[in-house]
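Asks: The number in the numbering used here is simply the position in the sequence shown, starting from 1, with 548 added.
Note that beta-carbon positions come from the ideal geometry of N, C-alpha and C, so glycine has one too.
Pasting in a structure now, in structure tokens, and then I'll have a few things to ask.
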Amino acid sequence: MDVTADTRLGGELFGGYSAYVTAKGDGRTVRTALAVEREEEAYDVTLKFVDRPGQHPVHLTTLSRDERNGTQFADMSTGDTVTFRVPKGPYILDSLSVKDPNSTEGGVDWLVHPVLNVDRDQTVTLDLNRTRSADITVPDREAKPLQAMVFYEHKGTQVANYVVMPTFSDIRVAHVGPEMPSHLAQVWSGQWTTGKRAEYNTLDGGEVKRITGRLVHHYRAREFATVKAGLGASTPGKTGVLALSATLPLINGIHTPLPQKLPTTRT
């Protein structure tokens, strides 16, 4: 016998519906379970990766609904293609390709598509050969990079993501899709150490139309404000840190406090 399920009666309710069919005859009863999935309007988004020659990275990919506390779909694979099936709507696509998800060796190729409107089946090509890193330096050539962060946020919905690596050259970035007319911000935050008691901290960025990795900023000494702080303790044998917080319109930076024996100074 044929069984037909009419899911239109579900109205706005989506998900799984279950039932059973009972057949009786010759004193016997046979019950057969059945189920049907009522899917809301959804489409396939297929991602095609173009790796750098001779490399086979791990692709860490997310499709985040472009809304506050929106649903996120994620995948990790080494394949050339990945397909997401997601409900209709606007999404932000993030793809990070790394040699080893548990290591910073080799850096990261980061491709961002803000905003991807999913209203049909579609294919997006993610070419890792297009990514570029920022060229950001400080005046002291002896200063050693400690950490670098690249961050973006879609201000309209507060959907954001960031990558932290030892240096800016480890973070290679590219924009995918058309430029954004407004409400997109990008940040570059860096920290360098020089000697045991001094460091440089930089914060650059603002509103952009495209996510980019091509920022060039060779900081000069006159662009810095020098702050020398004294750190003490009420008892001997203590260590302490100086924590900094950097905030500009639209953007924030990061800072890693470094332990020092007290009393001391930090510049």
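What residue from Glu771, Arg770, Val789, Gly785 has the CA that sits closest to Leu779's CA?
Replies: Locating residue 779 in the sequence shown gives position 231, counting from the first residue. Minimum Cα distance to Leu779 is reached at Val789.
Asks: Where does Glu701 sit, in a helix, a strand or coil, going by DSSP?
Replies: Position 153 of the sequence shown, counting from 1, holds the residue named residue 701. Looking at Glu701 - three-state DSSP - the assignment turns out to be strand.
Asks: Ignoring anything shorter than 4 residues, give me the alpha helix (DSSP H) runs that lie fully in the region 587-660, in order along the chain.
Replies: Entirely contained in the region 587-660, not one alpha helix (DSSP H) run reaches 4 residues.
Asks: Taking C-alpha atoms, which residue in Asp675, Thr705, Glu588 lies nearest to Gly618?
Replies: Numbered from its first residue, the sequence shown carries residue 618 at position 70. Ranking the options by Cα distance to Gly618, first place goes to Thr705.
Asks: What span of residues does the beta strand (DSSP E) with Val551 cover, start to end?
Replies: As a working mapping, residue 551 is identified with position 3 in the sequence shown. Premise fails: Val551 is in no beta strand (DSSP E) and is neither H nor E.
Asks: Could you give the DSSP three-state label for Ser566: helix, strand or coil?
Replies: By one-based count along the sequence shown, residue 566 stands at place 18. Looking at Ser566 - three-state DSSP - the assignment turns out to be strand.
Asks: In the DSSP assignment, the beta strand (DSSP E) including His765 goes from what residue to what residue?
Replies: Numbered from its first residue, the sequence shown carries residue 765 at position 217. Looking at the DSSP string, the run of the beta strand (DSSP E) that includes His765 is 764-766.
Asks: I'd like to confirm the pairing. Which residues does DSSP put opposite Thr808 in its beta bridges?
Replies: Taking the sequence shown and counting its residues from 1, one reaches residue 808 at position 260. In the sequence as presented, Thr is not what sits at residue 808; that position holds Gln. Looking at the DSSP assignment, Gln808 forms a beta bridge with Gly788.
Asks: Within the continuous beta strand (DSSP E) that includes Ala794, where are the two ends?
Replies: For the purposes of this step, residue 794 is taken as the residue at position 246 of the sequence shown. Careful: Ala794 lies outside any beta strand (DSSP E) and carries neither H nor E.
Asks: Would you call the region 723-732 in contact with the region 763-776, where contact means no fewer than 3 C-beta pairs closer than 8 angstroms?
Replies: Output reads no: the region 763-776 does not touch the region 723-732.
Asks: Just to confirm before moving on: does the CB-CB distance between Pro635 and Asn665 stay below 7 angstroms?
Replies: In the sequence shown, counting from the first residue as 1, residue 635 sits at position 87. In the sequence shown, counting from the first residue as 1, residue 665 sits at position 117. Cβ atoms of Pro635 and Asn665: not closer than 7 angstroms.
Asks: Give the range of the beta strand (DSSP E) segment to which Met728 is assigned.
Replies: Along the sequence shown, read from residue 1 onward, the residue named residue 728 stands at position 180. Here Met728 belongs to no beta strand (DSSP E), and DSSP marks it neither H nor E.
Asks: Below 7 angstroms between beta carbons: does that hold for Leu763 and Ala781?
Replies: Counting from one through the sequence shown, the residue named residue 763 turns up at place 215. Counting from one through the sequence shown, the residue named residue 781 turns up at place 233. No, they are not a contact pair.
Asks: Sort out for me which residues DSSP pairs Glu585 with in a bridge.
Replies: Reading the sequence shown from its first residue, position 37 is the one you call residue 585. Glu585 is bridged to Gly564.
Asks: Per DSSP, which one or two residues make a beta bridge with Ile759?
Replies: Along the sequence shown, read from residue 1 onward, the residue named residue 759 stands at position 211. DSSP lists no partner for Ile759.
Asks: Under the assumption that Ala820 contacts Thr813 (Cβ atoms under 8 angstroms), give the Cβ distance between them as a whole number of angstroms.
Replies: This structure gives no information on residue 820, because the portion of the chain shown stretches from 549 to 815.
Asks: What's the gap between the Cα of Pro601 and the Cα of Leu641?
Replies: As a first step, residue 601 is located in the sequence shown; it is residue number 53 there, counting from the start. As a first step, residue 641 is located in the sequence shown; it is residue number 93 there, counting from the start. Each residue's Cα considered, the two are about 24 angstroms apart.
Asks: Thinking C-beta only, is Gly725 closer than 7 angstroms to His803?
Replies: In the sequence shown, counting from the first residue as 1, residue 803 sits at position 255. In the sequence shown, counting from the first residue as 1, residue 725 sits at position 177. Not a contact, by the Cβ cut-off of 7 angstroms.
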